Structures are given as C-alpha cells and as structure tokens.
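Beneath this line is the structure, given in structure tokens, with notes to follow.
Protein chains in written order, with the numbering used here: chain W, 610 to 919; chain F, 408 to 614; chain R, 3 to 200.
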C-alpha cells in the first residue's frame with residue numbers, strides 16, 4: 610500500500626524525465642513501426658486525387674511556429690501530390706509567420722519543375738482575418754497588390770486565371786486556431802458556404818475533434834490531423850518525410866501517458882479502498898448514533914466539486 | 408457626444424448590416440459597397456498589428472528605465488526586437504539573415520514553449536486524470552483509446568483501438584461536438600447582433 | 003556522434019534547452035530565452051505588418067486608389083489610445099472592425115454552424131451510428147437550455163448530453179496529447195539529430 614501512496618506523491622520531475630526518455634530513445638534508435646492508413650487520410654487523398662489536373666488550389670498557412678512540426682509536413686506531403694497532378698498552387702497566410710512557412714514548404718515544388726508566378730505563388734500575409742478572407746474570396750486582387758516576393762500580383766500568369774474563390778478547384782487551410790488569424794470555422798463560412806469551393810483541412814491534433822463535425826456534414830471534404838496524418842500521407846504519396854520519422858517516438862510517448870493514467874487510477878483506488886471501512890459506512894448512515902470524530906473519518910470529508918455522485 | 412458615442416454605433420451598424428445584406432441579396436450596389444467595407448477593414452486591421460508591438464515596447468522601455476539599464480531581460484527583448492526589424496526592413500524578409508532569426512530563434516523557441524505542455528500533460532495524466540465519476544470515466548476512457556488508436560504501437564498492443572478510435576471520432580465525438588457547436592453559434596450570433604445594433608458598445612471601447 | 007558546426011543550429015538547440023530548463027525550475031536562462039523569443043516574434047510581426055501594409059494599402063494607393071487614404075487615416079486613429087485626451091477616437095476604427103467582423107461572421111455562421119449541422123444530423127437515419135449522432139446532438143444541445151429550470155426529463159437528457167460531450171472532450175484530449183507530443187518530437191529531433199548528430 611505504501612508504494613502506491615508514495616507513487617501518488619512522486620516528484621513531477623520524475624515524469625518529465627520519463628517523458629523525455631520516451632521521446633529521445635526512439636528518436637535516436639527508430640523502431641520503424643509500420644504505419645497503417647486510416648480512413649480520414651485515405652478519403653482526403655482520394656479527394657485530392659479526384660481534382661482536375663492543371664487546376665488551381667488555394668492553400669492558407671494559418672499557423673504559428675509552435676505548430677510547425679504538425680502542419681508543415683502535411684503541407685509538403687500535399688504539395689507532392691498536387692505537383693504530380695500539375696495542379697497550380699496559390700498560398701496565402703493569416704499569421705505573420707505563415708508566409709515564411711509557405712516559402713519553405715513550396716520549395717518541394719522545385720523538383721517538379723514548377724515556376725514561380727506561373728505554377729505557384731506565395732501571396733503573403735493578410736491582416737483582418739475572416740472579413741479580409743471574404744474580400745479575397747470575392748476579388749483576390751483587391752487584397753494583394755504585391756506578393757511576398759514583391760511582384761505585381763496582377764502581372765503573374767497564375768493570378769490571371771483566378772478572379773474569385775470559385776476559380777479554385779479546392780481550398781485548404783493548414784490551421785492551428787483562430788487566435789490572431791483565420792480559423793477553420795471562418796474558412797468553412799467563406800470558402801464553402803459563400804462560394805461552394807470544396808475545402809480540406811490540415812489541423813493540429815487539438816483541433817481534430819471539433820472539426821470532425823464538418824467532415825461528417827460534408828462541409829469539409831477531408832481532414833488531416835497532426836504529424837500522424839502527415840506520416841500516413843507521406844506513405845500514400847511515397848515521399849518519406851518528417852512525419853514518418855516521428856511516429857516511433859509518438860508511439861512510445863502515448864503508451865507512457867496511457868500508463869500514467871492507468872497507474873494513477875489504480876493508485877487512487879488502492880489508496881482509497883481501506884478508508885471505506887464497514888464501521889465508517891455505518892457511522893455515516895442517516896439516523897446512526899455511532900460517534901465519529903470529524904476529520905478522522907474520510908467519509909465525513911466534504912465532497913469536492915466533480916467528486917463522487919456529482 | 409455624437410462623435411464619442413453615436414458615431415461608432417452608426418459605423419458598426421452600417422458596416423455590419425451592409426455586409427449581411429450583400430450576402431443574402433443580389434443587389435450589385437450593396438455588394439460593391441460591402442466589398443469596399445471589407446477592403447477598408449483589411450487596411451485598418453494592418454494598423455492593429457502594430458498595437459501589440461507598441462505595448463511591448465512601452466512596458467520594456469519602462470522596465471529598463473526604472474532599473475537604470477540593469478534589467479537585462481528587457482534589454483535583450485528590445486535589442487532582439489530592433490535587430491529583427493532592421494534585418495526585415497533593410498535585408499528583406501526573404502534574406503538569409505531574416506530566415507536565420509525565423510528558423511533558429513523564433514521557430515525552435517516557439518515550438519519548445521508549445522511542447523512544454525506534453526510534459527505537463529504527462530504529470531497531469533498521472534495526478535489529475537482520475538475516474539472519480541461517470542463523466543470523468545467516459546472522458547478518461549475515450550481519451551486513452553484515442554491515444555492508443557492514433558499510434559502504430561498502440562494499434563499493436565490493442566488492435567481494437569484503431570476501429571474504436573475511428574468510431575469515437577466520427578460518431579460519439581460528432582454527437583457531442585455538434586451540440587457544443589450549434590449552442591456556441593447561437594450565442595455567437597446573438598453577440599454579433601448586439602454589436603451591430605449597438606447594444607455591445609464596450610466591445611469597441613464605448614460605455 | 004557528430005556535433006553540428008552551424009551557429010544557427012547551436013542557437014536553436016540552446017534556445018529549446020533554455021525553454022525546457024523551466025521544467026526543473028524557473029531560472030535566468032529560461033527567462034532570457036523567453037524574452038528573446040518575444041522580441042523576435044514582435045519584430046517579425048512588425049516586419050510582416052509593414053510588408054502587408056505595403057501590399058494591401060500603400061502600393062494600390064500609389065497606383066491610383068486614393069480612396070484608401072481614408073482607411074489608412076482611420077487605422078492610425080487606433081494609436082490615439084496612447085493619448086488620454088484623444089483616446090476616444092480609437093472607437094472609430096474599432097467600431098469599423100467590430101461591426102464588419104460581426105456581420106461577416108454572423109451571416110455565414112447561420113448557414114455553416116446551425117443549418118448545415120442540423121441538416122447533416124438528420125440524414126441516413128436508417129443507420130445506428132446516424133441515430134447516435136442525432137441523439138447525441140439533441141441531448142448535448144439540451145444541456146445548453148439555460149432559459150428555463152431543468153425538469154425531470156430535461157434533467158435526464160442533459161445528463162446524457164453531458165456524457166456525449168465528455169466522450170467528445172476525451173477524444174479532443176487524446177488528440178491534444180498527440181499534437182503536443184509532436185511538438186516535443188520536433189524539438190528533440192532538432193536537438194538530438196541535427197545538433198548533436200546522434
């Protein structure tokens with residue numbers, strides 16, 4: 610029993626060290642666990658595959674440095690697939706860091722012979738979030754007179770084929786939330802509802818659950834959540850990247866956290882059990898006259914909010 | 408009084424109503440004005456970007472002055488701020504120097520700060536994630552299944568976790584999240600309406 | 003093991019280690035890295051803001067769209083908040099931003115988050131899963147009926163709704179863990195592989 614009580618009060622730094630080891634060891638010595646393709650990723654891949662060759666797509670880089678590891682690998686994996694279909698890419702960003710991420714991810718297109726201004730463009734950053742995206746959707750040139758590299762946007766060949774959101778065969782947002790930028794709800798409203806342009810999302814793990822409703826309703830044609838989805842997408846496109854490399858560490862870390870949860874709960878039950886003695890139960894029965902010292906009997910403790918029976 | 412109280416209310420009302428009408432009705436004149444409003448708001452919003460920077464400078468310049476140049480943290484912040492701006496403006500945002508700051512200071516530090524939560528979640532999972540009642544047990548169970556079902560090793564240990572994760576995500580999760588989304592949207596629309604008709608003047612600095 | 007000789011990699015790795023050092027204890031190294039990060043982030047926001055100003059406002063104005071002077075001057079009014087006497091003037095640009103934002107968001111939210119979601123809940127009701135989604139949505143919505151006192155029936159429905167929401171939050175938690183662990187993996191890859199060359 611002692612050991613569980615001790616475990617309950619273990620120094621939090623022990624957990625930090627275990628967590629660090631769970632990530633570090635598989636990073637240095639990868640196990641190479643096979644990655645299965647899940648339905649949401651396959652559906653997204655199939656949807657992108659069904660887009661007309663040579664059409665234009667719009668990609669929003671709506672994330673900050675903190676989520677780069679989740680979303681940049683998704684962008685690169687998608688770009689490989691789009692390039693294999695000669696689809697033209699227009700990138701824009703609602704976060705200040707977005708254009709630089711776009712510039713870095715768009716580099717993968719060079720191996721396919723893509724030319725800047727003809728096959729892809731990085732329009733850069735726009736301020737104002739959803740209303741500005743709405744204005745862009747109605748008339749892209751009204752928001753961007755110059756692109757991220759300083760070119761006159763109206764003179765770029767790729768932008769001559771685009772007069773509104775309707776001209777994109779697909780829109781995609783790589784999104785880590787609406788704080789300071791354009792969130793996924795905003796993209797659904799402005800791309801799908803206002804212009805009928807199909808939308809797919811690359812989101813952080815945090816946002817996967819809440820955006821699943823859009824997938825089920827058909828308002829979003831596909832969702833890729835975090836590094837795991839990137840790894841699966843890399844497998845589908847045959848281009849191994851950052852996502853695949855990180856999956857072993859992800860596995861061990863998840864197992865460790867589940868083990869923490871299980872251990873914590875076993876500890877709670879084991880430590881709590883002896884306190885529910887028959888004597889104390891009878892003492893707490895209504896109408897019982899048995900004396901019980903306040904504080905000495907755990908069952909007399911006030912129930913904490915969210916505790917038993919709530 | 409008119410300029411301080413009534414004018415902002417009129418501006419919010421006109422802007423809000425125009426963009427709503429332009430969306431639902433095909434009236435070219437209104438749609439053109441709505442597009443003008445959207446474009447103008449994008450220009451005004453650019454100026455809002457600088458507010459955060461001004462606030463940071465004010466606070467840290469104050470810190471430095473009060474400590475008579477001994478607040479090294481604030482000095483470092485101001486120095487980095489100034490260097491980044493100088494590099495971005497004079498060398499350009501596609502220059503190697505700008506990318507250096509972005510790739511080797513901003514991204515590593517930003518994602519390290521974000522990833523601290525992975526460690527905190529680890530301890531929280533052990534100390535606080537307890538099945539004390541039915542709600543907590545459901546939360547814990549679905550959380551653990553999803554954690555296992557999302558990784559290759561989890562699928563090896565508990566193969567059923569993969570189809571279960573897919574089912575939780577596309578059925579149970581959708582049922583719960585959709586209620587939250589609809590309820591949130593109703594509240595959101597109510598607040599938006601209050602802003603447009605001038606009942607929520609505090610949102611733009613009024614009383 | 004082949005330690006990197008690139009100065010940028012060293013700075014990046016030491017910055018991440020500085021941040022992680024707070025896990026042991028709050029310390030000057032962590033604080034310094036944190037302040038440098040805030041300085042760089044604010045600097046990047048200003049650089050990008052200037053670029054956006056040029057692309058969105060200045061260039062089109064120089065090319066003949068002189069009407070853009072009006073929103074530019076209105077935008078400048080945001081900074082009157084720093085002068086007590088004129089601070090009320092910043093209500094004008096704020097009311098413009100808030101009114102437009104509210105209008106744009108509201109018009110789409112009705113369709114995407116209410117009508118679209120309700121209609122999606124009522125399709126394929128010949129499947130068990132569709133019924134679970136349908137009932138889950140209804141029950142969890144009943145939890146948010148705040149305008150009247152909860153009766154016996156609504157008490158039960160809101161309780162079941164709470165179970166559905168807990169399942170959804172559990173799924174969100176599982177995915178959140180995934181996201182945060184990914185971020186840590188990214189940094190560990192940088193430190194162990196790119197910097198230390200292990």
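Heads up, the beta-carbon is just placed ideally off N, CA and C, and yes, glycines get one too. Values in this document were obtained by computation on a predicted structure and should not be read as measured data.
Nearest-angstrom beta carbon gap, residue j and residue i [assumed within contact, 8 Å]
| i | j | result |
| --- | --- | --- |
| residue 108/R | residue 600/F | 7 Å |
| residue 633/W | residue 670/W | Actually they do not touch by this definition, with Cβ atoms about 30 Å apart. |
| residue 6/R | residue 814/W | Actually they are not in contact, since the Cβ atoms of residue 6/R and residue 814/W sit about 29 Å apart, beyond 8 Å. |
| residue 18/R | residue 193/R | 6 Å |
| residue 835/W | residue 862/W | Going by Cβ atoms, the distance from residue 835/W to residue 862/W rounds to 13 Å, so no, they are not a contact pair. |
| residue 453/F | residue 105/R | Not quite, the Cβ-Cβ distance comes to about 20 Å (not below 8 Å), so this is no contact. |
| residue 519/F | residue 21/R | 4 Å |
Option in the options with minimal Cα separation from residue i
| i | options | result |
| --- | --- | --- |
| residue 928/W | 661/W, 811/W, 831/W | Absent from the structure is residue 928/W, since the part of chain W shown begins at 610 and ends at 919. |
| residue 707/W | 784/W, 869/W, 881/W | 784/W |
| residue 408/F | 6/R, 93/R, 130/R, 117/R | 93/R |
| residue 742/W | 836/W, 852/W, 790/W, 819/W | 790/W |
| residue 170/R | 581/F, 573/F, 571/F | 581/F |
| residue 450/F | 629/W, 817/W, 738/W | 738/W |
| residue 685/W | 863/W, 877/W, 845/W, 880/W | 845/W |
| residue 727/W | 831/W, 754/W, 876/W, 766/W | 766/W |
| residue 40/R | 433/F, 441/F, 460/F | 460/F |
| residue 828/W | 165/R, 119/R, 190/R | 119/R |
| residue 698/W | 715/W, 832/W, 613/W, 626/W | 715/W |
| residue 658/W | 760/W, 779/W, 772/W, 875/W | 779/W |
| residue 116/R | 594/F, 411/F, 536/F, 604/F | 594/F |
| residue 768/W | 628/W, 667/W, 620/W | 667/W |
| residue 757/W | 712/W, 786/W, 723/W | 712/W |
| residue 683/W | 881/W, 879/W, 840/W | 840/W |
| residue 577/F | 181/R, 123/R, 79/R | 123/R |
Within chain R, partners of residue i - CB distance below 7 Å
| i | result |
| --- | --- |
| residue 717/W | Those do not exist, as residue 717/W stays about 18 Å from chain R at its closest Cβ, beyond 7 Å. |
| residue 590/F | 143, 146 |
Closer than 9 Å at the beta carbon, the chain F residues around residue i
| i | result |
| --- | --- |
| residue 841/W | Near residue 841/W there are no residues of chain F at all, since even the closest Cβ is about 10 Å away, more than 9 Å. |
| residue 864/W | 554, 555, 558, 560, 561, 564 |
Under 8 Å from the C-beta of residue i: neighbouring residues of chain R
| i | result |
| --- | --- |
| residue 753/W | 57, 58 |
| residue 485/F | 41 |
Residue i: first and last residue of the uninterrupted alpha helix (DSSP H) it sits in
| i | result |
| --- | --- |
| residue 470/F | 435-473 |
| residue 859/W | 851-881 |
| residue 613/W | 611-617 |
| residue 621/W | 621-637 |
| residue 641/W | Per DSSP, residue 641/W belongs to no alpha helix (DSSP H) and is neither H nor E. |
| residue 131/R | 130-144 |
| residue 811/W | Where residue 811/W is concerned, there is no enclosing alpha helix (DSSP H), although the beta strand (DSSP E) it sits in stretches over 808-812. |
| residue 105/R | 93-111 |
| residue 244/R | Chain R is shown only over 3 to 200; residue 244/R falls outside these bounds and no answer can be derived. |
| residue 690/W | 677-693 |
| residue 783/W | Counting along the chain, residue 783/W falls outside any alpha helix (DSSP H), though it belongs to the beta strand (DSSP E) covering 779-784. |
| residue 30/R | 30-55 |
| residue 518/F | 514-534 |
| residue 416/F | 414-431 |
Residue i - containing beta strand (DSSP E), residue span
| i | result |
| --- | --- |
| residue 732/W | 729-734 |
| residue 658/W | No beta strand (DSSP E) holds residue 658/W; the alpha helix (DSSP H) holding it covers 648-658. |
| residue 671/W | 665-671 |
| residue 698/W | 697-702 |
| residue 834/W | 831-834 |
Under 8 Å from the C-beta of residue i: neighbouring residues of chain F
| i | result |
| --- | --- |
| residue 872/W | 533 |
| residue 692/W | Near residue 692/W there are no residues of chain F at all, since even the closest Cβ is about 22 Å away, more than 8 Å. |
| residue 804/W | Ordered by position in chain F, no residue passes the 8 Å Cβ test against residue 804/W, which lies about 11 Å from the chain. |
Where residue i meets chain F, residues with beta-carbon distance less than 7 Å
| i | result |
| --- | --- |
| residue 867/W | 551, 554, 555 |
| residue 621/W | 530 |
Listed by chain order, chain W residues near residue i by CB distance under 7 Å
| i | result |
| --- | --- |
| residue 35/R | Result: empty, since nearest Cβ-Cβ is about 14 Å, beyond 7 Å. |
Partner residues on chain W for residue i, Cβ-Cβ distance less than 8 Å
| i | result |
| --- | --- |
| residue 446/F | 744, 751, 752 |
Contacts of residue i in chain R (Cβ-Cβ under 9 Å)
| i | result |
| --- | --- |
| residue 474/F | Per Cβ cutoff of 9 Å: no residues; residue 474/F is ~14 Å from chain R at best. |
beta-carbon residue i near the ligand GDP non-hydrogen atom, thresh 7 Å
| i | result |
| --- | --- |
| residue 589/F | In terms of ligand content, the structure shown is empty, and the ligand GDP therefore cannot be addressed. |
Open item on the list: Closer than 8 Å is the cut-off here; do at least three beta carbon pairs connect the region 727-742 of chain W with the region 865-877 of chain W?
Closed with: With the cut-off at 8 Å, the region 727-742 of chain W and the region 865-877 of chain W do not touch.
Task: Inter-stretch contact at 8 Å, needing at least 3 Cβ pairs: the region 490-506 of chain F / the region 636-655 of chain W - done: Result no; under three Cβ-Cβ pairs closer than 8 Å.
- [ ] Tell me, please, whether the region 796-815 of chain W touches the region 642-649 of chain W by the rule of three or more beta-carbon pairs shorter than 8 Å.
- [x] Output reads no: the region 642-649 of chain W does not touch the region 796-815 of chain W.
Task: At least 3 beta-carbon pairs within less than 8 Å: the region 544-554 of chain F vs the region 65-76 of chain R - done: Contact fails: fewer than three Cβ-Cβ distances are below 8 Å.
Task: Sufficient close CB pairs (3 or more, under 8 Å) joining the region 525-541 of chain F to the region 41-59 of chain R - done: Flag = no, the region 525-541 of chain F and the region 41-59 of chain R do not touch.
- [ ] Give a yes or no on contact between the region 128-146 of chain R and the region 154-167 of chain R, applying the rule of three or more CB pairs nearer than 8 Å.
- [x] Yes, since at least three Cβ pairs between the region 128-146 of chain R and the region 154-167 of chain R fall closer than 8 Å, the two stretches touch.
- [ ] Please determine if the region 457-472 of chain F and the region 672-679 of chain W are in contact, where contact requires at least 3 C-beta pairs separated by less than 8 Å.
- [x] Contact between the region 457-472 of chain F and the region 672-679 of chain W is absent, because fewer than three Cβ pairs lie under 8 Å.
Task: Contact the region 441-449 of chain F vs the region 739-759 of chain W: 3+ CB pairs below 8 Å - done: Yes: the two stretches touch, three or more of their Cβ pairs being nearer than 8 Å.
Task: Cβ pair count under 8 Å reaching 3, the region 794-801 of chain W against the region 80-90 of chain R - done: At 8 Å Cβ cutoff, the stretches do not touch.
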